[in-house]
Amino acid sequence: MLITVENLSFAYPRGEREALAGIGLKIAAGEFVGITGPAGAGKSTLLACLNGIIPNLQPGRLEGRVLLDGWEVGRQTVAQTAETVGTVLQDPESQLICADVEEEVTFGPRHAGCEEAETAERVEEALAMVGAAHLRRRTTASLSGGEKQRVAIAAALAMRPRVLVLDEPTAELDPVGTEEIFRVLGRLHRERGMTVIIAEQKTSHLARHAGRIMVLYAGRVLMDGAPRAVFARQKELSRVGVAVPPVARLAAGLGLAPGEELPLTVAEGENWVRRRLGR
Ligand code: ADP
Numbered sequence: 002m003l004i005t006v007e008n009l010s011f012a013y014p015r016g017e018r019e020a021l022a023g024i025g026l027k028i029a030a031g032e033f034v035g036i037t038g039p040a041g042a043g044k045s046t047l048l049a050c051l052n053g054i055i056p057n058l059q060p061g062r063l064e065g066r067v068l069l070d071g072w073e074v075g076r077q078t079v080a081q082t083a084e085t086v087g088t089v090l091q092d093p094e095s096q097l098i099c100a101d102v103e104e105e106v107t108f109g110p111r112h113a114g115c116e117e118a119e120t121a122e123r124v125e126e127a128l129a130m131v132g133a134a135h136l137r138r139r140t141t142a143s144l145s146g147g148e149k150q151r152v153a154i155a156a157a158l159a160m161r162p163r164v165l166v167l168d169e170p171t172a173e174l175d176p177v178g179t180e181e182i183f184r185v186l187g188r189l190h191r192e193r194g195m196t197v198i199i200a201e202q203k204t205s206h207l208a209r210h211a212g213r214i215m216v217l218y219a220g221r222v223l224m225d226g227a228p229r230a231v232f233a234r235q236k237e238l239s240r241v242g243v244a245v246p247p248v249a250r251l252a253a254g255l256g257l258a259p260g261e262e263l264p265l266t267v268a269e270g271e272n273w274v275r276r277r278l279g280r
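Quick note, the sequence shown lines up with residues 2 to 280 if you use our numbering.
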């Protein structure tokens with residue numbers, strides 16, 4: 002198992018209640034996992050436990066453990082963990098640290114001690130993987146939000162991680178930028194077998210790309226399953242403030258025939274409506 006989380010609890014120093022309250026889960030290599038849930042559910046805290054920010058940089062009370070390929074994350078440095086887990090955060094401004102794109106993507110491997118030739122090869126590959134080879138000479142300040150996040154993904158990929166962890170990477174992006182990011186993640190997953198773990202409120206996008214959805218609520222895992230099974234539980238989801246993809250809401254509202262699959266995407270919804278109309 003690539004990731005094993007055992008009975009994980011975490012409380013911030015001045016937190017009134019535990020941000021994570023006894024989480025257990027396993028994620029296999031090659032999965033695309035969408036983590037959703039209302040604000041304050043514990044999504045960011047869980048991701049910070051996967052990349053070692055907790056407990057290495059964020060103090061607090063931690064119980065349980067996270068194993069990455071059998072190694073305990075809490076016993077490694079953030080730099081060691083970063084060789085396996087690449088992280089992309091919400092705000093593209095705060096995570097790009099260099100003046101231009103090439104420098105940004107070069108930063109990680111160079112500081113990890115890669116030789117020049119190897120670094121150059123990694124930078125080339127990472128930029129190509131996110132469709133940003135043409136942005137190489139641009140200043141990071143001149144990029145659109147979607148382009149900035151693609152460069153942030155490339156910077157993570159240049160470390161050749163086995164897992165990409167993304168914390169609401171599209172929260173600051175418009176619909177075009179959001180689409181861009183999900184297209185890149187879908188391709189990395191399909192074509193490169195990348196393990197993707199993404200916290201995201203935009204459930205329509207998760208429904209299209211994730212093979213598994215976890216719903217967090219008050220620091221616990223409320224649901225964990227295939228998107229179709231999770232988005233069928235619409236009353237519970239709306240009670241905890243998780244948006245159900247509109248196509249799934251529409252079909253459930255009109256009523257599914259016994260045994261009929263819940264459509265999740267626009268394409269599935271279109272087929273479903275056609276069948277309904279008898280053509
Ligand atoms: P989400 O990512 O789902 O919005 P978070 O993991 O950010 O949730 O937060 C989980 C809980 O921990 C919330 O109650 C939040 O207020 C609290 N929390 C998050 N960061 C801190 C912090 N730095 N200090 C104290 N409490 C925090």
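Just so you know, even glycine gets a beta-carbon here, dropped at the ideal spot from N, CA and C. Please read all numbers here as calculations on a predicted model, not as lab measurements.
* **Residue range of the alpha helix (DSSP H) that includes N52** => Working through the sequence shown from its first residue, we reach residue 52 at position 51. Membership of N52 in any alpha helix (DSSP H) is not indicated, and neither H nor E is assigned to it by DSSP.
* Along the chain, which unbroken stretches of the beta strand (DSSP E) at least 3 residues long are found entirely within the segment 15-73? -> Listed in chain order, they are 21-28, 33-37 and 62-69.
* Asked: By Cβ distance, which residues of its chain are closer than 6 Å to V245, with the 5 residues on each side in sequence left out?
  -> Within the sequence shown, residue 245 is the residue found at index 244, counting from 1. F232, Q235 and L238.
* **Test item, CB below 5 Å from any non-hydrogen atom of the ligand ADP** => The filter returns Y13, G16, A20, A40, G41, A42, G43, K44, S45 and T46, in chain order.
* Mapping DSSP to helix, strand and coil, what is R250? -> Taking the sequence shown and counting its residues from 1, the one referred to as residue 250 is at position 249. Three-state result, R250: helix.
* Asked: DSSP three-state call for E103: helix, strand or coil?
  -> To locate residue 103, count along the sequence shown from 1; it is residue 102. Correct three-state label for E103: helix.
* Quick one: residues in its chain with C-beta nearer than 6 Å to the C-beta of I182, no 5 flanking neighbours on either side, listed in chain order? => Taking the first residue of the sequence shown as position 1, residue 182 is located at position 181. When the five nearest sequence neighbours on each side are left out, the beta carbons in the same chain lying within less than 6 Å of the beta carbon of I182 are those of Q150, P170 and T171, in order along the chain.
* When the Cα of N52 is compared with those of A80, A129 and A20, which residue comes out closest? -> What you label residue 52 is simply residue 51 of the sequence shown in a count that begins at 1. When only C-alpha atoms are compared, the closest one is A80.
* Asked: Would a C-beta distance cut-off of 8 Å place A200 and L63 closer than the cut-off?
  -> For the purposes of this step, residue 200 is taken as the residue at position 199 of the sequence shown. For the purposes of this step, residue 63 is taken as the residue at position 62 of the sequence shown. In this structure, L63 does not lie closer than 8 Å to A200 by Cβ.
* Asked: Buried or exposed: where does R123 fall if 16 or more other Cβ atoms within 10 Å of its Cβ makes it buried?
  -> What you label residue 123 is simply residue 122 of the sequence shown in a count that begins at 1. Flag for R123 reads buried.
* To do: Work out the CA separation of G212 and A134 for me, nearest whole Å.
  => For the purposes of this step, residue 134 is taken as residue 133 along the sequence shown, with counting starting at 1. For the purposes of this step, residue 212 is taken as residue 211 along the sequence shown, with counting starting at 1. If you take the alpha carbons of A134 and G212, they lie about 29 Å apart.
* Asked: If you draw a straight line from the C-alpha of A258 to the C-alpha of T266, how long is it?
  -> For the purposes of this step, residue 258 is taken as the residue at position 257 of the sequence shown. For the purposes of this step, residue 266 is taken as the residue at position 265 of the sequence shown. One Cα belongs to A258, the other to T266, and the distance between them is close to 18 Å.
* Asked: Who are the near neighbours of E19 in its chain, counting only those whose CB is closer than 7 Å to its CB and skipping five residues on each side?
  -> For the purposes of this step, residue 19 is taken as the residue at position 18 of the sequence shown. Within the same chain, Cβ atoms closer than 7 Å to the Cβ of E19 are found at S10, F11, A12 and G220, the five residues on either side in sequence being excluded.
* So what does DSSP say about A208, is it helix, strand or coil? -> Position 207 of the sequence shown, counted from the first residue, corresponds to residue 208. Three-state result, A208: helix.
* To do: Label A129 either buried or exposed according to how many other C-beta atoms from any shown protein chain fall within 10 Å of its C-beta, with 16 as the threshold for buried.
  => Locating residue 129 in the sequence shown gives position 128, counting from the first residue. Exposed, because fewer than 16 other Cβ atoms sit within 10 Å of the Cβ of A129.
* To do: Using beta-carbon positions only, say whether C99 and T37 come within less than 8 Å of one another.
  => Locating residue 99 in the sequence shown gives position 98, where the first residue counts as 1. Locating residue 37 in the sequence shown gives position 36, where the first residue counts as 1. Cβ distance not < 8 Å, so C99 and T37 don't count as in contact.
* Per DSSP, the bridge partner or partners of T120 -> Mapped onto the sequence shown, residue 120 falls at position 119. In the DSSP output, where bridge partners are listed per residue, T120 has none listed.
* Per-residue DSSP class, three states only, for V222 -> Numbered from its first residue, the sequence shown carries residue 222 at position 221. Of the three classes helix, strand and coil, the one that applies to V222 here is strand, per DSSP.
* To do: On a CA-only basis, which of Q59, G194, P110 and P264 is nearest P228? Give me that one, please.
  => Residue 228 sits at position 227 when you count from the first residue of the sequence shown. Of the residues Q59, G194, P110 and P264, the one whose Cα lies closest to the Cα of P228 is P264.
* DSSP state of V245 mapped onto helix, strand, coil -> Taking the sequence shown and counting its residues from 1, the one referred to as residue 245 is at position 244. It is coil, neither helix nor strand.
* To do: Let me know the secondary structure DSSP gives M130 once reduced to three states.
  => Walking along the sequence shown from the start, residue 130 turns up at place 129. When secondary structure is reduced to three states using DSSP, M130 falls in the helix class.
* May I have the straight-line CA-CA distance separating G132 from T88, to the nearest angstrom? => Locating residue 132 in the sequence shown gives position 131, where the first residue counts as 1. Locating residue 88 in the sequence shown gives position 87, where the first residue counts as 1. If you draw a straight line from the Cα of G132 to the Cα of T88, it comes to about 18 Å.
* Asked: From G61 to R138, what distance separates their C-alpha atoms?
  -> What you label residue 61 is simply residue 60 of the sequence shown in a count that begins at 1. What you label residue 138 is simply residue 137 of the sequence shown in a count that begins at 1. So the two alpha carbons sit approximately 41 Å from each other.
* Indicate the three-state DSSP secondary structure (helix, strand or coil) for V255 in the structure shown. => Along the sequence shown, read from residue 1 onward, the residue named residue 255 stands at position 254. Reading off the sequence shown, one finds Leu at residue 255, where the question assumed Val. Looking at L255 - three-state DSSP - the assignment turns out to be helix.
* **Q77 to Q59 span [Cα, whole Å]** => Translated into the one-based positions of the sequence shown, residue 77 becomes position 76. Translated into the one-based positions of the sequence shown, residue 59 becomes position 58. Their Cα atoms are separated by approximately 14 Å.
* Let me know if K27 comes out buried or exposed under the rule of 16 or more other beta-carbons within 10 Å of its beta-carbon. => Mapped onto the sequence shown, residue 27 falls at position 26. The residue is exposed, with fewer than 16 neighbouring Cβ atoms inside 10 Å.
* Under 8 Å between C-beta atoms, does G38 make it to chain B? -> Protein chain content of the structure displayed is limited to a single chain, and chain B is not contained in it.
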